[in-house]
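Report on the structure given below.
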Amino acid sequence: KAGVTQTPRYLIKTRGQQVTLSCSPISGHRSVSWYQQTPGQGLQFLFEYFSETQRNKGNFPGRFSGRQFSNSRSEMNVSTLELGDSALYLCASSVDSNYGYTFGSGTRLTVV
Amino acid sequence: AQSVTQLDSQVPVFEEAPVELRCNYSSSVSVYLFWYVQYPNQGLQLLLKYLSGSTLVESINGFEAEFNKSQTSFHLRKPSVHISDTAEYFCAVMKTSYDKVIFGPGTSLSVIP
């Protein structure tokens, strides 16, 4: 079966711009979580959506937002980009979070 | 807030030697525990998980982890490592079924021929 698909794989944006990242979970998975991965901070939890509702939220500023559609596909948006937002953004899906995640390959965002 | 500690950021080990990657978590309640592996230039993969029951859990590629509630630990072990085990290993914890999953900082395992 198809894995977790994240698009695009790479992005280069300028400070102050906004960006939208997309994640298509495995069919049947209703839980989608987003993480920011950086060499210094490791994997930081952004938010989790379950059946179109945000179920958990991490400690990121309001510039980071997300949503989930009825087909479980999810998007995350970052507005007013800062240099520090440069990171690998990972999406993970699950039947439910205690089953364990299947991760996508990530979107590498570079802010210049 | 719960947290996960992986004391060893890098662990070099010779091929066919045993290895233990340490993981400790902070939580006063029951938790679910996971180990994930990230091979070079790949995404994270679930290696094994502890939800309940037997405190010793095993993966299909020879790794095992033991849940120790009194020491709040979930160390990962393998009796004999292979070159192909070279990867980053992440320990993760979840407090309840509907809580967020928190990851540790990771341990880079390098297997030396």
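From first to last, the protein sequence lines stand for chains A and B. 1 is the number of the first residue of the first sequence in my numbering; add one for each residue after it. 1001 is the number of the first residue of the second sequence in my numbering; add one for each residue after it. We treat Cβ as the ideally placed atom computed from N, Cα and C, and that holds for glycine.
State the DSSP-derived secondary structure class of Tyr99(A), mapped to helix, strand or coil. Stepping through the first sequence from its first residue, residue 99(A) is reached at position 99. Helix.
Please name the residue, chosen from Glu48(A), Leu109(A), Asp96(A) and Lys13(A), that lies closest to Trp34(A) on a Cα-to-Cα basis. As a working note, residue 34(A) is residue 34 in the first sequence. Measuring from the Cα of Trp34(A), the nearest candidate turns out to be Glu48(A).
Three-state secondary structure (DSSP) at Gly84(A)? For the purposes of this step, residue 84(A) is taken as the residue at position 84 of the first sequence. The answer is helix: DSSP assigns Gly84(A) an H, G or I state.
DSSP three-state label for Ser1070(B), please. On the second sequence, position 70 is the one that residue 1070(B) refers to. Looking at Ser1070(B) - three-state DSSP - the assignment turns out to be coil, as it is neither helix nor strand.
For Phe64(A) and chain B, any beta-carbon pair shorter than 8 Å? For the purposes of this step, residue 64(A) is taken as the residue at position 64 of the first sequence. Cβ-Cβ to chain B under 8 Å: no for Phe64(A).
Minimum Cβ-Cβ distance from Glu82(A) to chain B less than 8 Å: Here residue 82(A) refers to the residue found at position 82 of the first sequence. Chain B, which has no Cβ nearer than 8 Å to the Cβ of Glu82(A), makes this no.
Should Ala2(A) be labelled buried (16 or more other beta-carbon atoms within 10 Å of its own) or exposed? Residue 2(A) sits at position 2 when you count from the first residue of the first sequence. Exposed is the call here.
For the stretch 1049 to 1073 of chain B, enumerate the residues whose C-beta is nearer than 7 Å to any C-beta of chain A, in chain order. Lys1049 and Leu1051
Other residues of its chain near Lys1078(B): CB distance less than 6 Å, five sequence neighbours each side excluded: Here residue 1078(B) corresponds to residue number 78 of the second sequence, with the count starting at 1. Cβ neighbours of Lys1078(B) beyond the five flanking positions: Val1019, Gly1062 and Phe1063.
Would Leu1051(B) and Tyr1036(B) qualify as a contact pair, given that the criterion is a beta-carbon distance under 8 Å? Start at 1 with the first residue of the second sequence, and residue 1051(B) comes out as number 51. Start at 1 with the first residue of the second sequence, and residue 1036(B) comes out as number 36. Result no, Cβ atoms of Leu1051(B) and Tyr1036(B) do not sit closer than 8 Å.
Distance, His1082(B) Cα to Val19(A) Cα: Counting from 1 along the first sequence, the entry for residue 19(A) is found at position 19. Counting from 1 along the second sequence, the entry for residue 1082(B) is found at position 82. Distance between the alpha carbons of Val19(A) and His1082(B) is about 41 Å.
For the beta strand (DSSP E) that Ile1060(B) lies in, which residues bound it at each end? Counted from its first residue, the second sequence places residue 1060(B) at position 60. From DSSP, Ile1060(B) is part of no beta strand (DSSP E); its letter is neither H nor E.
Candidates Pro1012(B), Val1057(B), Lys1095(B) and Gln1002(B), of which the one nearest Ser1108(B) by Cα: By one-based count along the second sequence, residue 1108(B) stands at place 108. Among Pro1012(B), Val1057(B), Lys1095(B) and Gln1002(B), the Cα nearest to that of Ser1108(B) belongs to Pro1012(B).
Under three-state DSSP, which class holds Ser1054(B)? Start at 1 with the first residue of the second sequence, and residue 1054(B) comes out as number 54. It is coil, neither helix nor strand.
From the beta carbon of Lys1095(B), is the nearest beta carbon of chain A less than 8 Å away? One-based indexing of the second sequence puts residue 1095(B) at position 95. Not one chain A Cβ lies under 8 Å of Lys1095(B).
How about Pro1113(B): is its C-beta nearer than 8 Å to some C-beta of chain A? The count along the second sequence starts at 1 and reaches residue 1113(B) at position 113. Not one chain A Cβ lies under 8 Å of Pro1113(B).
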